[in-house]
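Quick notes on the structure that follows.
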Ligand code: BG6
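Numbering (my numbering), first residue to last: 6 to 502.
Structural data, given as structure tokens:
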């Protein structure tokens, strides 16, 4: 099975912040790969815009050098790159001033009035307002204009509201695409396919049958290179409020009537709004530390084994790890806890959702046969796939003893070498913007609801002067996270690559 290329009409796309890290590492490489896949039609114009005073040729050269680092050299043909550069130009522009805007207007003119025009704000949120204003005052918008904005969408509820207000004063909600790149991941979308494309799971997907759910997003990388941003954010703002929240929504939401933007987002919003406030003793924060005698060693190619050294603040109380127990107060989930955890510098890179079912209500084999509950493990990355543990009889004579066997499906094996679409999340999401499909983007009210749940948690830490627990780089996180589970007679499933 090979991925399908859905044709789109020629479009214009302007990337503000084109010299920045995200544009260079993700957005422009994603566009290039879509170009190589034949999805970017003739006549499309891509314009990079940023403050740096590059000429188009200078920008091309810098980008070409960058692409050879970001993409495997043998993954594309240099002729393709030459073709891509022909549709890509550059304009030095001042987002806060007037320089460059008339030139942008000139470059975008001459196209059909209904041609899709995407403005990608790959810039800090402080520039959202100034850019939006200038797009209007320089007459750059048309009936098919869409803007794309990146996370972090705000720092708290108040700032997210302010951003929503600024954007709403210039654009309709249907024109605003707030990216959470987790939603662009193939396997994250697969969560919906598994739940709503099969009869098997949905009848059991509730508190009557599910004991609890664990969502783990573990990373081996540290925070080096992003110290300033990260130390102001921490794992709660950087990962929990958005990526893990989105996973929670997809795993917990009611079936939407249709796979359409508002139907899906309405259901996600209901989940977030049904979340109870989290009790302080249901949260564990951690900060990574070098194990004794290992300071200065590297772990997965990085050198920051000690968070405080990396951010150069020996008193930083920002968490690089968080685990918490959440409750969704609705008919389906009342009584089923959701344990969520994410952290940097952990043992392995692994994003997994574990659905632990309850024990059978009665064992006809007697207690000595052993009790085994079913367990569905959804591996989001790496080694994408699903494992369902099933209880069977332990083979051999000597009575009836039970054991678990895994029904294991690796998507790579099941679908063959070409089966898992290698498209990066950004490739899919950018093309969704061009197609005008908002299903995989966050709506303004969704983001605000997520902050409304997050804010009191962070305010609590600040009020109490909470300090994160140290954990060893390369471990599974602070011991207190295990206690969080043990208090409930449960345990985390392992973090394995
Ligand atoms: C980003 C966070 O949004 O997601 C990073 O800011 C994190 O801190 C990254 O490392 C994880 O994304 P992925 O796709 O590597 O799982």
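The beta carbon of each residue, even a glycine, is placed where N, CA and C say it ideally should be.
Check	Outcome
Which residue's Cα is closest to the Cα of residue 222: 489, 493 and 481?	481
Using the Cα positions of residue 21 and residue 187, report the straight-line distance between them to the nearest angstrom.	22 Å
Note down, in chain order, each residue of its chain lying with its Cβ closer than 7 Å to the Cβ of residue 206, except the 5 sequence neighbours on either side.	199 and 200
Determine the closest residue to residue 266 out of 108, 437 and 277, with distance taken between C-alpha atoms.	437
Within 10 angstroms of its Cβ, does residue 323 collect 16 or more other Cβ (buried), or is it exposed?	buried
In whole angstroms, what separates the C-alpha of residue 401 from that of residue 361?	28 Å
Would residue 294 be called buried (16 or more neighbouring beta carbons within 10 Å of its own) or exposed?	buried
Taking 7 Å as the line, does the beta carbon of residue 447 fall inside it for any heavy atom of the ligand GTP?	Judged by which ligands are present, the ligand GTP is missing from the structure shown, whose ligands are the ligand BG6.
Are three or more beta carbon pairs between the stretch 133-145 and the stretch 167-177 nearer than 8 Å?	yes
Cβ of residue 218 within 8 Å of Cβ of residue 254?	no
Just to confirm the assignment, what range does the beta strand (DSSP E) spanning residue 316 have?	Per DSSP, residue 316 belongs to no beta strand (DSSP E) and is neither H nor E.
Using a 10 Å radius around the Cβ and a threshold of 16 neighbouring Cβ atoms, would you call residue 228 buried or exposed?	buried
Rank 69, 450 and 33 by C-alpha distance to the C-alpha of residue 2 and give the top, closest one.	What the structure shows of the chain is the stretch from 6 to 502, and residue 2 is not part of that stretch, so it cannot be assessed.
Select from 381, 191 and 262 the residue whose C-alpha is nearest the C-alpha of residue 431.	191
May I have the straight-line CA-CA distance separating residue 455 from residue 247, to the nearest angstrom?	7 Å
Does the ligand BG6 have even one heavy atom less than 7 Å from the beta-carbon of residue 474?	no
Secondary structure at residue 123, three-state DSSP: helix, strand or coil?	strand
Please state whether the Cβ-Cβ distance between residue 165 and residue 453 is less than 8 Å.	yes
Under DSSP, the alpha helix (DSSP H) around residue 340 begins and ends at which residues?	Premise fails: residue 340 is in no alpha helix (DSSP H) and is neither H nor E.
Taking the alpha-carbon of residue 493 as reference, which of 329, 281 and 99 has the nearest alpha-carbon?	329
Three or more beta-carbon pairs under 8 Å between the stretch 404-417 and the stretch 224-244, yes or no?	no
What does the alpha-carbon distance come out to for the pair residue 40 and residue 145?	25 Å
Pick from 457, 92, 350 and 451: whose alpha carbon is nearest that of residue 178?	451
For residue 462, which residues from the same chain have a beta carbon less than 6 Å from its beta carbon, with the 5 sequence-adjacent residues on both sides left out?	283
Could you name the residues that DSSP lists as bridge partners for residue 386?	356
Among 11, 67 and 321, which residue has its Cα nearest to the Cα of residue 23?	67
Which residues bound the beta strand (DSSP E) around residue 294?	288-294
Going along the chain, which residues of its own chain have a beta-carbon closer than 8 Å to the beta-carbon of residue 304, five neighbours each way excluded?	With a pLDDT of 48 at residue 304, under the threshold of 50, the modelled position of that residue is not reliable, and the figure given next carries that caveat. Correct list, in chain order: 225, 227, 310, 350, 478 and 479.
According to the Cβ coordinates, are residue 497 and residue 487 closer than 8 Å?	yes
How many angstroms separate the CA atom of residue 107 from the CA atom of residue 95?	14 Å
Would you say the beta carbon of residue 156 is closer than 7 Å to some non-hydrogen atom of the ligand BG6?	yes
Taking the alpha carbon of residue 149 as the point to measure from, which residue in 189, 121, 155 and 215 has its own alpha carbon closest?	121
Let me check you understand the geometry: is the CB of residue 248 closer than 7 Å to at least one non-hydrogen atom of the ligand BG6?	yes
At the level of alpha carbons, what is the spacing between residue 212 and residue 334?	11 Å
Give the straight-line distance between the Cα atoms of residue 129 and residue 142, rounded to the nearest whole angstrom.	21 Å
Does the distance from the CB of residue 289 to the CB of residue 90 come in under 8 Å?	no
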